[in-house]
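Remarks on the structure that follows.
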């Protein structure tokens, strides 16, 4: 193998699995260390800069970081339940325990006279507003509702996310000189474009829940609701009750929110019924677990066939029992197993089988083109539509995803808008800011705690079930207290503190090989990657994780380190007599809108001197 | 060195051996030696060898004297018996222990100071008596604990870190072991585990007095240009006479060798050492030839390594003394007090 190029920012970024997996690339170990040090406000701001809504995401994030977390791999065959660090819940700790951060908010630059419209006040639009307003842009956010937040406010039940948190975090953004036009649903794109905005950002979400057109649907309209609409009505207090027996159709996170909300509004016999198998459900594993903990059964492999009713009253639903069959390409189809249809009695049905994008308010003659799925034709990296000054982000760009993805879209679109309005090529994307600095403080002292914790993941305490189920506004999860947060933060392996190897200094004494608890390091003859992976101290079977290979050493061998389960404990560096190993803290921050994302300005003074 | 204990987390693929232990179970406390010390690599090699041989840690006694090397038994086999003797007296304490309980595996760990200076007499006698043990000298040619004076194994003409040239002749432990009757004599290098681990395994399964001289560079005081015990010097001058393949009774022989290329030695416990010759005509079962070869190459400044001599028909002290086959602590009342009749018989025999 060729020696690894650690100057490529992607190499060490990839080692920080959580940050690599996060759409917004939040520097997770950086803020977890701050939480461990009790610096909650600092930890909050690291988050705020990157993901804009730490308090909201600390309760509701889809947490792509956690399945990626190295800790879970490290704990494999070391304990009963290998689990990642509770990254998401630690984020909430930072939000819950921080002090007043209003003084840390960005200073506003003088207005530059360029007006930007953001349609919808959800996470994507608010991210664009936050990135651009402090730079001097005049940002106007339009939303049909009275308060900002979009789906964050309407779709996520209060028992998961208190309204005060939404008010606080949307407030930080609107306070940056952003004009918020509440209760103003944009009905015509053409009319908006005619108002002379320099750029328009569409972050209106995927606002239409999919319906099920089954026999009987029309006859029982009163007791059958579309999940996301129903959640919004519950959120605004328009709906406060539901029948005793409730069927929730669908297997995503919306279905989980629907069933748990039903339990709190009078539903005593609530069932989730889903076509696919339990394991293939779209809902996050922990959301399924939370629902089951509240006594809600999840019935899988039942395809809905019809709504049953008598005298205009819903009486139940019929289902066909199916099984999953996979063809040679691995394509799944659900085929009936031939049993008679199953009748499930109920008083109400919530349909949560997905969402559709809908843009009835964007006139086709506006120049904005759509594809065959009804999604806007966008340039993937820049989020630019077929009209150069109109950009899309969040669910309205590529279909329904999640909050953190919407935030990531917002950052990228803000960079595009900033470059676009400065007359620069928006396809030229700025490199991230990276920094690599030794963590060495003394002979065996490092600027991080390298004593690896043996603790298993700590559980977040819950409110008592009878209290939680009695009132939909009682938050179920209580969050970690400071002492537990400290211990959970200690489980983080500090994957951003990198093992950096300097081949010319190595005397091949084997000290690092002997001390490495995870058998990550090997000195051996070079070979191609598949061959090397089998010849190491411990086989490197996780192909998603890179091998760090040095140049040839004195004996002609190379150093090979498998990054997969490295504890970042720094013992290799402590045992190294020559400093060939060093622990160096790697920080990567994606470049956001502002002068850093733009082409370097030609300095007229420098040119004069040169002349 | 490190202050932190090695985390107990281990690689997910770590496997257990036949007696149910992982390699990590053979580790000891965290080493307090200098970073990069060759001794730590030898500890790691002992751990690897014991794990591979499915040795039960509680059936091992590790004894040592005083010095950097003699600290190391604390850093491996944490579940074994240990004894830190007076300086240079490991061989006599080990001999006593061995006579009392012949069922344990005896591992004597010593250094060049402990064995070639203060303990030279002890070394000589334990070798000539043929005590069944693995005697490992961690040889760095320098007194590290007292900041870098030449030790008795430092070669004449080699240079100290301060620039002084050594004018004394070295004690040749390999030569002495061969002369005095050790039945398994090997030399290796701490920086070459591929060679060292099989040599330790061979010594453990040997069944007689086994001696391994392991050159183990002292990174703090003897790893500079002009030293003959540095990583660079040993790598440049290493002349291995053979490589060992270790064959258990049931394992299949998968590699073919040309005739005359391989010497097979059956060890007392049924294991076979298969020696792949790296030097034409080197016969490791010929003691005189071995002494000759080692001396000749040593005179050229080469460091001869590998299994230099092995006696397939080794015997040990217990055999010579015709001692009880049962360890003393396992003898019952009947054996220890056979009664008046037996005493009368014994007395009659002496009249």
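Protein chains in written order, with the numbering used here: chain A, 1 to 611; chain B, 1001 to 1351. Even glycine gets a Cβ: it sits at the ideal position worked out from N, Cα and C.
Within 8 Å of any Cβ in chain A, is that where the Cβ of residue i sits?
i               : result
residue 1229(B) : no
residue 1094(B) : no
residue 1115(B) : no
residue 1034(B) : yes
residue 1049(B) : no
residue 1100(B) : no
residue 1243(B) : no
residue 961(B)  : Any question about residue 961(B) goes unanswered here, given that chain B covers just 1001 to 1351.
residue 1265(B) : no
residue 1006(B) : yes
residue 1044(B) : yes
residue 1304(B) : no
residue 1163(B) : no
residue 1191(B) : yes
Answer yes or no: does any C-beta atom of chain E fall closer than 8 Å to that of residue i?
i              : result
residue 571(A) : The chain labelled as chain E is not found among the protein chains of the depicted structure, namely A and B.
Using beta-carbon positions only, say whether residue i and residue j come within less than 8 Å of one another.
i               : j               : result
residue 1305(B) : residue 1189(B) : yes
residue 1057(B) : residue 1026(B) : yes
residue 117(A)  : residue 150(A)  : no
residue 69(A)   : residue 85(A)   : yes
residue 409(A)  : residue 124(A)  : yes
residue 1185(B) : residue 1309(B) : yes
residue 439(A)  : residue 448(A)  : yes
residue 589(A)  : residue 432(A)  : yes
residue 1311(B) : residue 1208(B) : yes
residue 550(A)  : residue 503(A)  : yes
residue 245(A)  : residue 219(A)  : no
residue 1153(B) : residue 1170(B) : yes
residue 592(A)  : residue 411(A)  : yes
residue 322(A)  : residue 307(A)  : no
residue 1064(B) : residue 1084(B) : yes
residue 355(A)  : residue 209(A)  : yes
residue 299(A)  : residue 292(A)  : no
residue 377(A)  : residue 370(A)  : yes
Can you check DSSP and say which residues form a bridge with residue i?
i               : result
residue 1243(B) : 1276(B)
residue 1227(B) : According to DSSP, which records beta bridges pairwise, residue 1227(B) is partnered with nothing at all.
residue 1139(B) : 1215(B)
residue 298(A)  : 272(A)
residue 598(A)  : Paired residues: none, contrary to the question.
Can you pull the chain A neighbours of residue i, defined as C-beta to C-beta under 8 Å?
i               : result
residue 1038(B) : 509
residue 1002(B) : 444, 515, 571, 574, 575
Does any residue of chain B have a CB that is nearer than 8 Å to the CB of residue i?
i              : result
residue 240(A) : no
residue 539(A) : yes
residue 536(A) : no
residue 502(A) : no
residue 438(A) : no
residue 560(A) : no
residue 627(A) : With chain A running from 1 to 611 in the structure shown, residue 627(A) is simply not present.
residue 451(A) : yes
residue 454(A) : yes
residue 494(A) : no
residue 385(A) : no
Closer than 7 Å by beta-carbon distance: list the chain B residues that pair up with residue i, in chain order.
i              : result
residue 519(A) : 1011
residue 76(A)  : 1012
In chain B, which residues lie with their C-beta within 8 Å of the C-beta of residue i?
i              : result
residue 85(A)  : None at all; the shortest Cβ gap to chain B is about 14 Å.
residue 555(A) : 1235
Whose Cβ in chain A lies nearer than 9 Å to the Cβ of residue i?
i               : result
residue 1219(B) : 507, 509, 511, 577, 578
residue 1041(B) : 509, 510, 511, 513, 514
Practice task
Starting from the N-terminal side, write out each stretch of the beta strand (DSSP E) that is 3 residues or longer and does not extend beyond the segment 513-560 of chain A.
Solution key: Every unbroken stretch of the beta strand (DSSP E) spanning 3 or more residues and falling wholly within the segment 513-560 of chain A is given here in chain order: 521-524, 547-549.
Exercise for the section: Quick one: which unbroken alpha helix (DSSP H) runs of 4-plus residues sit fully inside the segment 400-463 of chain A? Chain order, please. Expected result: Taking 4 residues as the minimum length, the alpha helix (DSSP H) runs contained wholly in the segment 400-463 of chain A are 403-421, in order along the chain.
Handout entry: Any beta strand (DSSP E) of 3 or more consecutive residues that is wholly inside the segment 122-195 of chain A
Key = Those beta strand (DSSP E) runs which fall completely within the segment 122-195 of chain A and span 3+ residues are 138-142, 179-181.
Exercise for the section: List in chain order: all unbroken beta strand (DSSP E) runs of 3+ residues lying wholly within the segment 1047-1124 of chain B. Expected result: Listed in chain order, they are 1060-1064, 1081-1084, 1105-1111.
Handout entry: Segments of 3+ residues assigned as beta strand (DSSP E) that fall wholly inside the segment 313-344 of chain A
Key = The qualifying runs are 313-326, 332-336.
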